[in-house]
Amino acid sequence: MKIGFIGAGKVGTAFGMYLKQNGLTVYGYYSRTFESALMAAEFTGTKAEKELKDIVVNADILFITTNDNEISRVCERLVNENLINEEKIIVHMSGAASSKILSRVKEKGCYIYSLHPLQAFADVNKAVNELKSTIFSLEGDEEKIDVIENILKTIGNTYFKITSDQKAIYHATACVVSNYLVTLIDYGLSLFQSIGIEKASGYKALYPLIEGTIKNIYELGTEKALTGPIARGDTATIHKHMEALKRSSSDFLELYKILGIETIDLASKEKLRDNKKVTELKNILKEV
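Going by my numbering, the sequence shown opens with residue 2, and the numbers climb by one from there.
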């Protein structure tokens, strides 16, 4: 089956190249600007189309890899201009949206899916290489979903299936562990900055700790990977932290307290089984 891409950004370009490297037939690209389609086509050794109808007629499977807010507009155009026909498989690669965003094309007898790689696409070349170890999520129509599953099996990637109603929680999870992790590290660096350690130096100093923690989570799981004063029930140290943060900044203190309460709940599952210590720690963190 021939695969075509509507949208020639980093995701579409990298994934198209990855598919082609793994022996699948990628027909080419259509984009809002022909220059973008041409760049993606040249990178992947495929064809660039100036007209939307030409990519549609030449592809059995269409991947819509535009910005999220353009996906439904593409579908509207496919239907309103009568470009789409029965049996076509339409897939988008947004993490946030479910396959329901493609529902308009079902009027024409098409099958709809969302396929999302759990990976950040900052650089095309880097992304192509990292796709080898990327895990995907898949949801959509039960009929013909085996076609998408066979693509994933051919390229050798692990995947899990979810429902369209689960997609928002799925994406929230990815945001928490990726985007909010950046915010958390920035918070820690701001604490360093408050005592005269610049962010660049602080990050260099903290990186081995960050890397080691991620490695421990991967190898042991979150419950066993947790270390530090809360995990060992060290109330005196947490009290010292609170007093120092009160003197420094109320903004620093509030987030510290929220994270601390969540960490107590995590610690109580494995590392901290002393209920008295759990209560003491929570009371300290709830102090005004």
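Positions of the beta carbon are idealized from the N, C-alpha and C atoms, including for glycine.
The stretch 9 to 18 in contact with the stretch 28 to 47 per 3-pair CB rule at 8 Å: The stretch 9 to 18 is in contact with the stretch 28 to 47.
Taking only three categories from DSSP, how would you classify P118? What you label residue 118 is simply residue 117 of the sequence shown in a count that begins at 1. In the displayed model, P118 falls within a strand according to three-state DSSP.
Is Y112 closer than 9 Å to L139 when the C-beta atoms are compared? Numbered from its first residue, the sequence shown carries residue 139 at position 138. Numbered from its first residue, the sequence shown carries residue 112 at position 111. In this structure, L139 sits away from Y112, with a CB-CB distance that is not shorter than 9 Å.
Cβ neighbour criterion (16 or more within 10 Å) applied to I196: Position 195 of the sequence shown, counted from the first residue, corresponds to residue 196. So I196 counts as exposed.
With a Cβ-Cβ cutoff of 9 Å, do L84 and K54 count as a contact? Along the sequence shown, one-based indexing puts residue 84 at 83. Along the sequence shown, one-based indexing puts residue 54 at 53. Cβ distance < 9 Å, so L84 and K54 count as in contact.
Which stretch, first to last residue, makes up the beta strand (DSSP E) that contains Y65? For this step, residue 65 is matched to residue 64 along the sequence shown. Per the sequence presented here, residue 65 reads as Ile, with Tyr not at that position. Start and end: I62 to I65.
Enclosing beta strand (DSSP E) for G5 [first to last residue]: Your numbering for residue 5 matches position 4 in the sequence shown. Run containing G5: K3 to I7, per the beta strand (DSSP E) assignment.
Thinking C-alpha only, which one of E281, A128, I72 and Y208 is nearest I231? Residue numbering aside, residue 231 sits at position 230 when the sequence shown is read from its first letter. Nearest of E281, A128, I72 and Y208 to I231, Cα basis: E281.
To the nearest angstrom, report how far apart E288 and I259 are at their CA atoms. Residue numbering aside, residue 288 sits at position 287 when the sequence shown is read from its first letter. Residue numbering aside, residue 259 sits at position 258 when the sequence shown is read from its first letter. Between E288 and I259, the C-alpha separation is close to 12 Å.
Relative to the C-alpha of M243, which candidate in N284, I90 and M2 has its C-alpha closest? The residue you call residue 243 lines up with position 242 of the sequence shown. The shortest CA-to-CA distance from M243 to any of N284, I90 and M2 is the one to N284.
Between L192, T238, R233 and L221, which has its C-alpha nearest S249's C-alpha? Indexing the sequence shown from 1 puts residue 249 at position 248. When only C-alpha atoms are compared, the closest one is L192.
How many angstroms separate the CA atom of A38 from the CA atom of G8? Counting from one through the sequence shown, the residue named residue 38 turns up at place 37. Counting from one through the sequence shown, the residue named residue 8 turns up at place 7. So the two alpha carbons sit approximately 7 Å from each other.
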